[in-house]
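J.: Can you keep this structure in mind? I'll have questions shortly.
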Amino acid sequence: MSRCIIDNLKRQEDEVLAISSIYSKNEFSYCKNNIIYCYYNVFVNISDGLLKLENVDEQNSHSFHPYFIKYLPPIKVRLELSVDYPTKRSPNFCIISSWLSPWQISFICQKLDEIWLENSGQEILFLWFEFLRNDTLQFLNIKDTLDISFMYTTHCNSNSIFQNDVRAVYNNLSGDPLQFLLGHNEYVEEIEFQNNYFECIICFDKLCGQKCIKLKNCGHIYCKNCISEYITIKIKEDNVSDITCPDLSCNLDITINEVKRLCPESFSQYEKALLRVSLKSMKDIIFCPRMSCQCPSVKTYDDTLGICSKCDYTFCTYCYKVYHGVEPCAMSSDSKLKLIEEYKNGSKRERKQLEAKYGRKQIQRVAEEYLTQEYIKTNTKSCPNCGTIAEKNGGCNKMTCNYCQASFCWLCGEHINTQNPYDHFLSGNTNCYRQLFEQEENI
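Residue numbers (full-length UniProt numbering): 1 to 443.
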């Protein structure tokens, strides 16, 4: 073995050792047999931080995907250090990429040849690697937008690619190129997230990314314990349609995948509740009112009749009580008052809906009963002796019951002395002193 070859091998070993100390194991590795083989993953730096993805269709009209990425899949470089390197020959290499076109990869190969010619006889790996990592996009005139249209063309017909430079290898994808790029970007972002520390907005603890989650729709960060407890409470309260970001200034939804990832034990309950909410929004779907059943059913031809498809229970679709035919729905006192207010303040359309639900005659009867009760409450008093209702339509405030002849005060309702009932209004010991002819509102 000549002295020159021995010197080359020594220089090669020194070079790969130096390169190994500069780049991580994920970027650079090598193995030694008769010659040294090097493997370099080029993680291209995006100078502006974000790169927009562009697709140009066959009619040459521009269609921009609304997607931005921070990380590109690595360009793979395979090298062989021959015994003549670095004194006489450059390393043999090939470049493999899934997002650069074959002609772009070929241009890069030619650029590496130029760098070698400018530094012939010198160790070249570091210069090549730094160019590939920092200057690839600028060299290819890729500024803020990456054209991925060729990836769809080669994906559909790989035989249409004509290529002369065998060192330029295009890694043809089997799936959707756009999803491939987005998936890789999401994967790297997740790794970067897990390696950092964040402060939870809820508990204010600072935790590593592995114990936190960044919500997809809004980007807010929470520790998994806090957000899991928040979602679990929402599910238990059957409030699954309102599982949004806990931040008060944010109302974006937490995705279904995030719910499943954070609350796997409650996810089955979440799915059932979500289905129930979806069915409730359908006008022709009703639920059995029996607590032991709750089965959804489709409304029959009669809008007022509901028949459970599981337990055959028949019920009114308005009040959800046992079916009562043409009879109006039974109502409590509070419900009657609420109905009167809704009917009085409702629009023409809302009034028609109430009439369809309760019946026009029932609404009229309820209103009459309510007005009668209000009149009785305002204009009548009960005898404190026998309870008979008495009405005052004039005169003084000393009342005499027509049924039991007992005397009582209209103002305070107190039973007064029948021998001299007017003493109640002459005594200074009562609130009705000198109020024999006073109206009640003035007391």
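We put the beta carbon where it would ideally sit given N, CA and C, even for glycine.
1. Which one of Y270, S47 and V16 has the shortest CA to CA distance from F139?
2. Is the Cβ-Cβ distance between E54 and I148 less than 8 Å?
3. Quick one: using the 10 Å Cβ neighbour count with 16 as the cut-off for buried, is L17 buried or exposed?
4. Any contact between the stretch 68 to 83 and the stretch 179 to 186? By contact I mean 3 or more CB pairs, one from each, below 8 Å.
5. Would you mind working out which of N393, C412, G394 and P421 sits nearest Q405, comparing C-alpha positions?
6. Let's test the definition: count the other Cβ atoms within 10 Å of the Cβ of F28 and tell me whether it reaches 16, buried, or not, exposed.
7. Taking 8 Å as the cut-off, decide whether the C-beta atoms of E123 and E13 are in contact.
8. Please report the Cβ distance between L262 and I231, rounded to the nearest whole angstrom; I am assuming they are in contact, meaning their Cβ atoms lie under 8 Å.
9. What does the alpha-carbon distance come out to for the pair V120 and I22?
10. Please list, in chain order, all residues of the same chain as D144 whose beta carbon is under 8 Å from its beta carbon, the five residues on each side excluded.
11. Please determine, among I363, S347 and L173, the residue with the shortest C-alpha to C-alpha distance to L100.
12. Measure the Cβ-Cβ separation of I95 and V83 and say whether it is below 8 Å.
13. Are the stretch 322 to 339 and the stretch 383 to 391 in contact at 8 Å, needing three or more beta carbon pairs?
14. Under 8 Å: do the stretch 352 to 366 and the stretch 391 to 399 share three or more Cβ pairs, one atom per stretch?
15. Give me, in chain order, the residues of the same chain whose beta-carbon lies closer than 8 Å to that of T244; leave out the 5 immediate sequence neighbours on both sides.
16. What does the alpha-carbon distance come out to for the pair G219 and S347?
17. Nearest CA to the CA of S241: which residue from V259, F193 and C293?
18. Within its chain, find whatever has a CB closer than 7 Å to the CB of D303; leave out the 5 residues flanking it on each side and keep chain order.
19. Would you identify the three-state DSSP class for L51, choosing helix, strand or coil?
20. So Y37 and C31 are in contact, right, with Cβ under 8 Å, and what is the actual spacing, rounded?
21. Given a threshold of 16 other Cβ atoms within 10 Å of its Cβ, counted over all protein chains shown, does V44 qualify as buried or as exposed?
22. Are S278 and I286 close, meaning C-beta to C-beta below 8 Å?
23. Quick check: the Cα distance between K211 and E190, rounded to an integer number of angstroms?
24. Extract the residue ranges of the alpha helix (DSSP H) inside the stretch 95 to 140, only unbroken runs of 4 or more that lie entirely within it.
25. Can you give the Cα-Cα distance for L112 and C4, rounded to whole angstroms?
26. What residues in its chain sit with their C-beta under 7 Å from that of C109, if we drop five residues either side in the sequence?
27. Check for me: the beta strand (DSSP E) holding V169 runs from which residue to which?
28. Can you check whether the CB of L411 is closer than 8 Å to the CB of Q373?
29. Would E265 be called buried (16 or more neighbouring beta carbons within 10 Å of its own) or exposed?
30. Identify the continuous beta strand (DSSP E) that holds V77 and give its terminal residues.
T.: The answer reads as follows:
1. S47
2. yes
3. exposed
4. yes
5. P421
6. The residue is buried, with at least 16 neighbouring Cβ atoms inside 10 Å.
7. no
8. 6 Å
9. Per the sequence presented here, residue 120 reads as Ser, with Val not at that position. Straight-line spacing of the CA atoms in S120 and I22 works out to 22 Å.
10. The residues are D48, L50, L51 and K52.
11. L173
12. Result no, Cβ atoms of I95 and V83 do not sit closer than 8 Å.
13. no
14. Taking 8 Å as the limit for Cβ pairs, the verdict is that the stretch 391 to 399 does not touch the stretch 352 to 366.
15. C250, N251, L252, D253 and I254
16. 43 Å
17. Out of V259, F193 and C293, V259 has the C-alpha closest to the C-alpha of S241.
18. Result list for D303: T317, in chain order.
19. strand
20. 5 Å
21. buried
22. no
23. 12 Å
24. List check, alpha helix (DSSP H) in window: 102 to 118, 125 to 134 and 136 to 139.
25. 24 Å
26. Cβ within range, chain order: I95, D165, R167 and A168.
27. Its beta strand (DSSP E) spans residues A168 to Y170.
28. no
29. exposed
30. I75 to L81
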